[in-house]
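Okay, so here's the structure we're looking at.
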Amino acid sequence: MQVAVLRETAARESRVALTPESAGRLVKAMRQVVVQSGAGQQAGFPDSAYLAVGARIAADAAATVAGSQVVLKVLPPSAQEVAVLEAGSTLISLLRPGQHADVAARLAERGVTALALELVPRITRAQTMDVLSSQSTVAGYKAVLIGAAALGKFLPMLTTAAGNIQPAKAFIIGAGVSGLQAIATARRLGAVVSAFDIRPAAREQILSLGATALDSEAVSTSAETAGGYARQQTDDEHTRTVRTIASHITGVDLVITTANIPGRRSPVLITEETVASMRPGSVIVDLAAENGGNCALTRADETVLAHGVTIIGPSNLPATVPYHASQMFGRNVLTLLQHLITKEGALIIDPSDEITGAMLVTHDGRTLR
Numbered sequence: 000m001q002v003a004v005l006r007e008t009a010a011r012e013s014r015v016a017l018t019p020e021s022a023g024r025l026v027k028a029m030r031q032v033v034v035q036s037g038a039g040q041q042a043g044f045p046d047s048a049y050l051a052v053g054a055r056i057a058a059d060a061a062a063t064v065a066g067s068q069v070v071l072k073v074l075p076p077s078a079q080e081v082a083v084l085e086a087g088s089t090l091i092s093l094l095r096p097g098q099h100a101d102v103a104a105r106l107a108e109r110g111v112t113a114l115a116l117e118l119v120p121r122i123t124r125a126q127t128m129d130v131l132s133s134q135s136t137v138a139g140y141k142a143v144l145i146g147a148a149a150l151g152k153f154l155p156m157l158t159t160a161a162g163n164i165q166p167a168k169a170f171i172i173g174a175g176v177s178g179l180q181a182i183a184t185a186r187r188l189g190a191v192v193s194a195f196d197i198r199p200a201a202r203e204q205i206l207s208l209g210a211t212a213l214d215s216e217a218v219s220t221s222a223e224t225a226g227g228y229a230r231q232q233t234d235d236e237h238t239r240t241v242r243t244i245a246s247h248i249t250g251v252d253l254v255i256t257t258a259n260i261p262g263r264r265s266p267v268l269i270t271e272e273t274v275a276s277m278r279p280g281s282v283i284v285d286l287a288a289e290n291g292g293n294c295a296l297t298r299a300d301e302t303v304l305a306h307g308v309t310i311i312g313p314s315n316l317p318a319t320v321p322y323h324a325s326q327m328f329g330r331n332v333l334t335l336l337q338h339l340i341t342k343e344g345a346l347i348i349d350p351s352d353e354i355t356g357a358m359l360v361t362h363d364g365r366t367l368r
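All the letters of the sequence shown, read from the start, carry residue numbers 0 to 368 under numbering that gives the first Met the number 0.
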């Protein structure tokens, strides 16, 4: 069994799909690992680190995938990368199904089986394979740092010779993985933190981190799907949510928004009117920017100044913390490989398996989703 690790070619992508730590564990399990030269360089993992654990270094993408049964990437492959994949091989990466139908079509035509890492099911058995959760942890952490850097205030309370400085107030919208990490990070930096989520189950998690949970009539026991995600709200529910946020946001300094609905555009929860009501100098960091944004004024990968408020729409924040993001990503992928590969070294792609079947995008020359 040979596993290939390709170097990422997308702009501003600095992560690697498998770190030397995880590669070494595969080698110890008698798997051959081939890494494209420079694949881990930007994340802090030089070729020498892979060689030290028994992996082999290949000069280019074609040489890396040659003879490999499994090919690992972080982001969806480019047309050039698809062209070098061997028929019958299995690609494991983020694939953004629904957004990149052309990539799926090319992979199917090429005869490549593709597993989308964002489709790992939310079941206990697959928790350690959940790339979205691990990368959301990174995004929630970094969002607070970005917001703190843009805010013209200290986050913590300070006692100085010039008098006392009152702590800043941070408000986190959405208490999923990224939201909870944002709460924890803002608290560690000394802010007074409040948070809101439409799922009642999130209240206990918010309180456990020392934040205040915002009460609202918009919170509903039916707001959560069987998979643990927030469902799309009705128009009436959405109106109540927007009203709740608008009434609270006027008194805060830093807002982190994290509300996403899988497969749909992110809900707009902060209107321009609400932005205009905020304190001058306030900052919004919109983690839903790539999917349309939770703020009506968000523009992906841009910083907008409106009504005295700075609105930041970052994308792919995990790539800005590449060492630990790659480490977590690689561990998720390693666990998945341990699920797919038998002790004897055979790769089993079973569409009836609850994990594998949920992740399949292409198989047997067909596009499945």
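For each residue, glycine too, the CB sits at the ideal point set by N, CA and C.
State the Cα-Cα distance for the pair residue i and residue j, rounded to the nearest angstrom.
i, j, result
"Leu335", "Thr127", "8 Å"
"Val137", "Lys72", "18 Å"
"Ser384", "Thr297", "The structure shown does not extend to residue 384, since the chain spans only 0 to 368, so no value can be given for it."
"Tyr49", "Glu12", "20 Å"
"Leu17", "Gly209", "35 Å"
"Ile354", "Pro120", "6 Å"
"Ser88", "Ala181", "39 Å"
"Val34", "Gly43", "15 Å"
"Leu346", "Val130", "21 Å"
"Thr233", "Arg198", "14 Å"
"Val32", "Ala57", "10 Å"
"Ile260", "Glu271", "21 Å"
"Lys152", "Arg6", "40 Å"
"Ile91", "Pro350", "15 Å"
"Phe195", "Asp214", "8 Å"
"Ile122", "Val251", "36 Å"
"Arg263", "Ala287", "11 Å"
"Asn163", "Arg278", "21 Å"
"Leu179", "Ala201", "9 Å"
"Val4", "Ala357", "23 Å"
"Pro166", "Gln134", "29 Å"
"Ile205", "Arg186", "11 Å"
"Arg368", "Met29", "33 Å"
"Pro155", "Leu93", "37 Å"
"Ala305", "His237", "24 Å"
"Gly189", "Thr158", "13 Å"
"Ala62", "Arg55", "11 Å"
"Asp46", "Glu117", "28 Å"
"Ala149", "Val274", "16 Å"
"Leu333", "Ala100", "27 Å"
"Leu339", "Leu359", "12 Å"
With a CB to CB cut of under 7 Å and the five nearest residues on each side skipped, what residues in its chain are close to residue i?
i, result
"Glu289", "Ala299 and Ser314"
"Lys141", "Leu316, Thr319 and Val320"
"Ala107", "Thr361, Gly364, Arg365 and Thr366"
"Leu268", "Ile172, Thr240, Val241, Ile244, Thr256, Ala258 and Asn293"
"Gly312", "Asp285, Ala288, Gly292, Thr297, Arg298, Ala299, Asp300 and Glu301"
"Leu84", "Val64, Val70, Leu90, Arg109 and Val111"
"Gln41", "Ser13 and Pro321"
"Ser77", "Thr8"
"Ser36", "Asp46, Ile56, Ala57 and Ala58"
For the beta strand (DSSP E) containing residue i, list its first residue and its last residue.
i, result
"Phe195", "Val191 to Phe195"
"Ser92", "Thr89 to Ser92"
"Ala3", "Gln1 to Val4"
"Gln31", "Gln31 to Gln35"
"Val69", "Val69 to Leu71"
"Thr112", "Thr112 to Ala115"
Helix, strand or coil for residue i per DSSP?
i, result
"Gln326", "helix"
"Ala58", "coil"
"Asp234", "helix"
"Leu268", "coil"
"Thr273", "helix"
"Val64", "helix"
"Thr243", "helix"
"Arg198", "coil"
"Thr256", "strand"
"Ala212", "strand"
"Ile340", "strand"
"Leu333", "helix"
Where does the unbroken alpha helix (DSSP H) through residue i begin, and where does it stop?
i, result
"Val81", "Ala78 to Val83"
"Ile205", "Ala201 to Ser207"
"Ala48", "Asp46 to Ala51"
"Asp101", "Ala100 to Arg109"
"Leu25", "Pro19 to Lys27"
"Ala357", "Thr355 to Met358"
"Thr123", "Run containing Thr123: none; DSSP gives neither H nor E here."
"Ser177", "Val176 to Arg187"
Looking only at its chain, what residues have a beta carbon closer than 6 Å to the beta carbon of residue i, apart from the 5 residues adjacent to it on each side?
i, result
"Gly66", "Gln1"
"Thr211", "Ser193"
"Ala9", "Leu74"
Between which residues of its own chain and residue i is the CB-CB distance below 8 Å, once the five residues before and five after are set aside?
i, result
"Val81", "Val102, Arg105, Leu106, Arg109 and Val111"
Nearest chain C C-beta to residue i closer than 9 Å, yes or no?
i, result
"Phe44", "Absent from the structure: chain C. Only one protein chain is present."
Requested in this report: Tell me the start and end of each unbroken beta strand (DSSP E) in the stretch 131-173 that is at least 3 residues and wholly inside, in chain order.
Outcome: Look at the stretch 131-173 and you find these whole runs of beta strand (DSSP E), each 3 residues long or longer: 157-159, 162-164 and 168-172.
Query raised in the report: Fully enclosed by the stretch 278-322, which alpha helix (DSSP H) runs are 4 residues long or longer?
Result: Complete alpha helix (DSSP H) runs here, min 4: none at all.
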